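The next block holds one structure in the form of structure tokens; read it before the comments.
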Amino acid sequence: MRFVLLCCGWLTLALIASPAHAAVELQQLYQSSVAVSSQAANERNQALQAALRQALLKISGDDSLFEQPSVQQALRSVRDYVVQYGYRQEDELLLWAQFDREKVNQLIQQAGSGIWSNLRPEILIWLAIEDESLQRQLIASGDETVFVQQLRNAAASRGLPIKLPLLDLNDNMSISVLDVWGRFEHQLEFASIRYSPDGMVIARVFQADSAVTTDRWMLDWTLQLGELRWRGEVTGMDRSGLGAKLIADLSTRLAKRYRIGAEVEKISSWRIQVYDLADLIQVIRAEQLLSSLPSVNSVQLVTFGRNRAEFELSLKAEPARIMQAIDLSKQMRPISAPENSTAEKHTPSYRWVQSE
Numbered sequence: 001m002r003f004v005l006l007c008c009g010w011l012t013l014a015l016i017a018s019p020a021h022a023a024v025e026l027q028q029l030y031q032s033s034v035a036v037s038s039q040a041a042n043e044r045n046q047a048l049q050a051a052l053r054q055a056l057l058k059i060s061g062d063d064s065l066f067e068q069p070s071v072q073q074a075l076r077s078v079r080d081y082v083v084q085y086g087y088r089q090e091d092e093l094l095l096w097a098q099f100d101r102e103k104v105n106q107l108i109q110q111a112g113s114g115i116w117s118n119l120r121p122e123i124l125i126w127l128a129i130e131d132e133s134l135q136r137q138l139i140a141s142g143d144e145t146v147f148v149q150q151l152r153n154a155a156a157s158r159g160l161p162i163k164l165p166l167l168d169l170n171d172n173m174s175i176s177v178l179d180v181w182g183r184f185e186h187q188l189e190f191a192s193i194r195y196s197p198d199g200m201v202i203a204r205v206f207q208a209d210s211a212v213t214t215d216r217w218m219l220d221w222t223l224q225l226g227e228l229r230w231r232g233e234v235t236g237m238d239r240s241g242l243g244a245k246l247i248a249d250l251s252t253r254l255a256k257r258y259r260i261g262a263e264v265e266k267i268s269s270w271r272i273q274v275y276d277l278a279d280l281i282q283v284i285r286a287e288q289l290l291s292s293l294p295s296v297n298s299v300q301l302v303t304f305g306r307n308r309a310e311f312e313l314s315l316k317a318e319p320a321r322i323m324q325a326i327d328l329s330k331q332m333r334p335i336s337a338p339e340n341s342t343a344e345k346h347t348p349s350y351r352w353v354q355s356e
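Here this note's numbering is used: the first residue of the sequence shown is 1, the next is one more, and so on.
Written out as structure tokens, the structure reads:
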């Protein structure tokens, strides 16, 4: 018994001491693959349009792009954006296309949207599903259900790195379906340490209330990403499609926060506001924290008064990467932008968190 306890103790220390995950840097955002039935010319143009749609969605995370006339015209003239394409045979025949990075970025920005950095948070999803008999089960990474396949396909097509838990002996010793269903965050946070995610989603699928929606099924979710706390819900007549809707909801929210418009991408300086700074000592600590972030050359205090400071950062990378690093820190808590403002135009605001 003593040997078991010692082993468990060493395992716990190893997990706690493991380095924090630093997000995932996605490659090949400007490439897409689409299933085709043949290499016929009439099918090729439709496949290239579908591939460009995939690339635009991965790069911007913005579904509303496709409502813009300029984007609709670009899809009709898709060959103007293609650098190269080809076919490959896997389980099915695929058309692969690579698109011109500069032209695609310009198209997105002219349409009034922005570029989502290729450095993206990896999300661990704890998911419990309730069936018609009110029986509940957890979804594991090895599951091959239609639900999981659609969830994974949606995550790949939208460029959102995700993980599902193994639900092996270690997980089963730490958590149960009741922990997920009850959203016991502290228990799930401990069980998540071994996966080193950037964020954690707790999701539940259940039969919808007919007084709320005409759909049969509902999925509600909560996201923890550093100090960010978001929640949402999606519905559908078919339970198996809710995983893809969850990914769409998450990626849309994340992209809106982190994508950067043309007016910001061309500059090397960026301003943020920090509230609840009691005195100059805390102002200096906030400045030191910002200076320690990767890709920050220098930090200058612009104004300070009424417990609010504004800093100007000189950057070596796009602001989206810096914003994500701040969100994952424990010393600054993001203040949500007003509903009528956009992430690109709103000056990011944070609340200083007193060290324990």
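Even for Gly, the Cβ is constructed at its ideal location relative to N, Cα and C.
Keep in mind it's a predicted model, so treat the numbers as computed, not measured.
Pull the bridge partners of isoleucine 202 from the DSSP assignment, please.
Indexing the sequence shown from 1 puts residue 202 at position 202. For isoleucine 202, DSSP records a beta bridge to Trp126 and Thr222.
Proximity winner among Asp100, Ser37, Trp217 and Ser117, relative to alanine 325 (alpha-carbon distances)
As a working note, residue 325 is residue 325 in the sequence shown. For the residues Asp100, Ser37, Trp217 and Ser117, the minimum Cα distance to alanine 325 belongs to Ser117.
What are the boundary residues of the beta strand (DSSP E) that methionine 173 is part of?
Your numbering for residue 173 matches position 173 in the sequence shown. From DSSP, methionine 173 is part of no beta strand (DSSP E) but of the alpha helix (DSSP H) over 169-174.
The stretch 237-257 in contact with the stretch 195-205 per 3-pair CB rule at 8 Å
Because the criterion of three Cβ pairs below 8 Å is met, the stretch 237-257 and the stretch 195-205 touch.
Just to confirm before moving on: does the CB-CB distance between alanine 50 and valine 34 stay below 9 Å?
Numbered from its first residue, the sequence shown carries residue 50 at position 50. Numbered from its first residue, the sequence shown carries residue 34 at position 34. By the CB criterion at 9 Å, alanine 50 and valine 34 fall inside the cutoff.
May I have the straight-line CA-CA distance separating alanine 154 from isoleucine 247, to the nearest angstrom?
Locating residue 154 in the sequence shown gives position 154, counting from the first residue. Locating residue 247 in the sequence shown gives position 247, counting from the first residue. Whole-angstrom Cα-Cα distance: 6 Å.
Output needed for glycine 243: all residues of its chain with C-beta closer than 6 Å, excluding positions within five of it in sequence on either side, in chain order.
By one-based count along the sequence shown, residue 243 stands at place 243. Within the same chain, glycine 243 has close Cβ partners Phe147, Gln150 and Leu151.
Mind checking serine 269: buried by the 16 CB within 10 Å criterion, or exposed?
The residue you call residue 269 lines up with position 269 of the sequence shown. By the neighbour-count criterion, in which 16 or more other beta carbons inside 10 Å mark a residue as buried, serine 269 falls on the exposed side.
Since I believe tyrosine 258 is in contact with alanine 156 (beta carbons under 8 Å), could you give me their beta-carbon distance rounded to a whole number of angstroms?
What you label residue 156 is simply residue 156 of the sequence shown in a count that begins at 1. What you label residue 258 is simply residue 258 of the sequence shown in a count that begins at 1. The C-beta distance from alanine 156 to tyrosine 258 rounds to 19 Å, too long to meet the 8 Å contact threshold.
In whole angstroms, what is the alpha-carbon distance linking arginine 44 and asparagine 105?
Locating residue 44 in the sequence shown gives position 44, where the first residue counts as 1. Locating residue 105 in the sequence shown gives position 105, where the first residue counts as 1. Approximately 23 Å between the Cα atoms of the pair.
Bridge partners - tyrosine 85, DSSP secondary structure assignment
Locating residue 85 in the sequence shown gives position 85, counting from the first residue. Beta bridge pairing from DSSP links tyrosine 85 with Ala97.
Excluding the 5 residues flanking arginine 231 on each side, which residues of the same chain have their C-beta closer than 8 Å to its C-beta?
Position 231 of the sequence shown holds residue 231. Within the same chain, arginine 231 has close Cβ partners Asp220, Trp221, Thr222 and Leu223.
Below 8 Å, can you find three or more Cβ-Cβ pairs linking the stretch 293-311 to the stretch 184-199?
The answer is no - the stretch 184-199 does not touch the stretch 293-311, with fewer than three Cβ pairs under 8 Å.
Cβ shell of methionine 218 (< 7 Å), same chain only, five flanking positions each side left out:
The sequence position of residue 218 within the sequence shown is 218, counting from 1. For methionine 218, same chain residues with a beta-carbon under 7 Å away, outside a window of 5 residues either side, are Phe206, Ala208, Glu233 and Thr235 in chain order.
Considering only residues of the stretch 48-76, which uninterrupted alpha helix (DSSP H) runs meet the minimum length of 4 residues and lie entirely inside it, listed in chain order?
If we require 4 residues or more, the alpha helix (DSSP H) runs fully inside the stretch 48-76 come out as 69-76.
C-alpha distance - serine 341 paired with leucine 254, whole-angstrom precision:
Position 341 of the sequence shown, counted from the first residue, corresponds to residue 341. Position 254 of the sequence shown, counted from the first residue, corresponds to residue 254. Residue confidence for serine 341 is low, a pLDDT of 45 falling below 50, so the modelled location carries little weight; the figure read from the coordinates is stated next. In a straight line, the C-alpha of serine 341 is about 15 Å away from that of leucine 254.
Does the stretch 158-174 come close enough to the stretch 79-94 to have 3 or more Cβ pairs within less than 8 Å?
As far as the Cβ criterion goes, the stretch 158-174 does not touch the stretch 79-94, which means the pair count is below three.
Grab me the residues of valine 283's own chain with a C-beta within less than 7 Å of its C-beta, minus the 5 sequence neighbours each way, in chain order.
Locating residue 283 in the sequence shown gives position 283, where the first residue counts as 1. Closer than 7 Å at the Cβ level, and outside the excluded window around valine 283, lie Leu277, Leu301, Phe304 and Ala309.
May I ask which residues mark the beginning and end of the beta strand (DSSP E) holding methionine 332?
Within the sequence shown, the letter at position 332 stands for residue 332. It spans 332-335 - the beta strand (DSSP E) in which methionine 332 sits, taken as one unbroken run.
Taking only the alpha-carbon atoms, compute the straight-line gap between leucine 56 and arginine 306 and give it to the nearest angstrom.
Within the sequence shown, the letter at position 56 stands for residue 56. Within the sequence shown, the letter at position 306 stands for residue 306. Leucine 56 and arginine 306 have their C-alpha atoms some 43 Å from each other.
Where does phenylalanine 184 sit, in a helix, a strand or coil, going by DSSP?
The residue you call residue 184 lines up with position 184 of the sequence shown. DSSP, reduced to helix, strand and coil, places phenylalanine 184 outside both helices and strands of the structure shown, so it counts as coil.
Cβ-Cβ separation, aspartate 327 to glycine 362 (assumed contact under 8 Å), whole Å
Examination of residue 362 is not possible in this model, given that the chain is present from 1 through 356 alone.
Let me know if phenylalanine 311 comes out buried or exposed under the rule of 16 or more other beta-carbons within 10 Å of its beta-carbon.
Residue 311 sits at position 311 when you count from the first residue of the sequence shown. Buried: at least 16 other Cβ atoms inside 10 Å.
So the beta strand (DSSP E) arginine 229 belongs to, where does it begin and stop?
The sequence position of residue 229 within the sequence shown is 229, counting from 1. Segment 228-236, the beta strand (DSSP E) holding arginine 229.
When you compare the CB positions of isoleucine 123 and isoleucine 59, do they come within less than 9 Å of one another, or not?
Within the sequence shown, residue 123 is the residue found at index 123, counting from 1. Within the sequence shown, residue 59 is the residue found at index 59, counting from 1. Contact: no.
Test item: CB-CB of glycine 114 and threonine 252 under 9 Å:
The sequence position of residue 114 within the sequence shown is 114, counting from 1. The sequence position of residue 252 within the sequence shown is 252, counting from 1. If you check the CB distance, glycine 114 and threonine 252 do not come in under 9 Å.
Nonlocal neighbours in the same chain, by C-beta distance under 6 Å from serine 289, ignoring five residues either side
Locating residue 289 in the sequence shown gives position 289, counting from the first residue. What sits at residue 289 in the sequence shown is leucine, not serine. Excluding sequence neighbours, leucine 289 sits near Gln331.
What separation, rounded to the nearest whole angstrom, lies between the Cα atoms of glutamine 137 and phenylalanine 184?
The sequence position of residue 137 within the sequence shown is 137, counting from 1. The sequence position of residue 184 within the sequence shown is 184, counting from 1. Roughly 16 Å separates the two Cα atoms.
Which residues bound the beta strand (DSSP E) around tyrosine 275?
Within the sequence shown, residue 275 is the residue found at index 275, counting from 1. Bounds of the beta strand (DSSP E) holding tyrosine 275 are 269-275.
Is proline 69 buried or exposed, if buried means 16 or more other CB atoms sit within 10 Å of its CB?
The residue labelled residue 69 in the question sits at position 69 within the sequence shown. It counts as exposed.
Between which two residues does the alpha helix (DSSP H) harbouring threonine 252 extend?
On the sequence shown, residue 252 is found 252 positions in, with the first residue counted as 1. Note, threonine 252: alpha helix (DSSP H), 242-258.
Local Cβ density within 10 Å of methionine 173, reported as buried at 16 or more and exposed below that:
If you number the sequence shown from 1, residue 173 lands on position 173. Counting the other CB atoms within 10 Å of its CB gives methionine 173 a total below 16, which places it among the exposed residues.
Could you pull out every residue in the same chain whose Cβ sits closer than 6 Å to the Cβ of valine 24, ignoring the five residues on either side in sequence?
Along the sequence shown, one-based indexing puts residue 24 at 24. Same-chain partners within the cutoff: Arg120, Glu122 and Pro161.
Where does valine 34 sit, in a helix, a strand or coil, going by DSSP?
Within the sequence shown, the letter at position 34 stands for residue 34. DSSP places valine 34 in the strand class (E or B) of the three-state scheme.
Quick check on the burial criterion: 16 or more other C-beta atoms within 10 angstroms. Buried or exposed for leucine 280?
Your numbering for residue 280 matches position 280 in the sequence shown. Counting Cβ neighbours within 10 Å, leucine 280 comes out exposed, since fewer than 16 surround it.
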